[in-house]
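Notes follow the structure.
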Amino acid sequence: MAVLRMAGLRPTRQRLALAELLFSGPHRHVNAEQLHSEAEGAGVQVSLATIYNSLHQFRQAGLLREISVDAARSYFDTDTTDHHHFFIEDEQRIEDIPSDSIKIAGIPDAPEGMKVTHVDVIVRVKRTQ
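So, in structure tokens, the structure goes:
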């Protein structure tokens, strides 16, 4: 409840239940459908639209990081520190890449009046067999 309030979000029953599912364990990556399934399994009555809205509100509040793998698919990461990701295509799953495994050089200057906030690298992989 305190985390939601500190992030400027009203701690509704549904937000509290979703925050518990998201943040009660180790860092992880979820999409809206996965979280909806987990919520149903935990007996939380919440619509998929509310899941999407809550995930985006949590992201805007700085509690989650959004990882867009394509125009129609996003995952949400509970680890908001700078790091990169593998997208395992065969499993439709995101996995962290250790932050010291990728070196980025030659980032262009941001347009006038803007600054670079972070760089996301997604390395797409699939099984060879």
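First residue of the sequence shown? That's 1473 in our numbering, and the numbers climb one at a time after it. We put the beta carbon where it would ideally sit given N, CA and C, even for glycine.
Judged by beta-carbon spacing, ILE1574 lies beyond the 8 Å limit of ILE1539, meaning their Cβ atoms are not closer than that value. With a threshold of 16 other beta carbon atoms within 10 Å, ASP1562 falls short and is exposed. Its Cα nearest to that of LEU1494, the residue ARG1537 stands out among MET1478, ARG1537, SER1519.
Of the residues assessed, ALA1582 falls on the exposed side of the cut-off, its CB having fewer than 16 other CB atoms within 10 angstroms. Here DSSP, grouped into helix, strand and coil, assigns GLU1510 to helix. Put simply, of PHE1530, LYS1587, HIS1508, THR1484 the residue whose alpha carbon is nearest the alpha carbon of ASP1551 is PHE1530. Within a 10 Å sphere around the beta-carbon of VAL1502 sit 16 or more other beta-carbons, which makes this residue buried. Where GLU1567 is concerned, the enclosing beta strand (DSSP E) starts and stops at 1565 to 1569. Residue pairing by DSSP places ILE1576 opposite no residue, since no beta bridge is assigned to it. Nearest neighbour of ARG1596 by Cα position, chosen from ASP1554, GLU1492, ASP1568, ALA1491, turns out to be ASP1568. Per DSSP, HIS1499 lies in no beta strand (DSSP E) segment and is marked neither H nor E. ARG1599 and ILE1566 have their C-alpha atoms some 14 Å from each other. Judged by beta-carbon spacing, VAL1588 lies beyond the 8 Å limit of ILE1576, meaning their Cβ atoms are not closer than that value.
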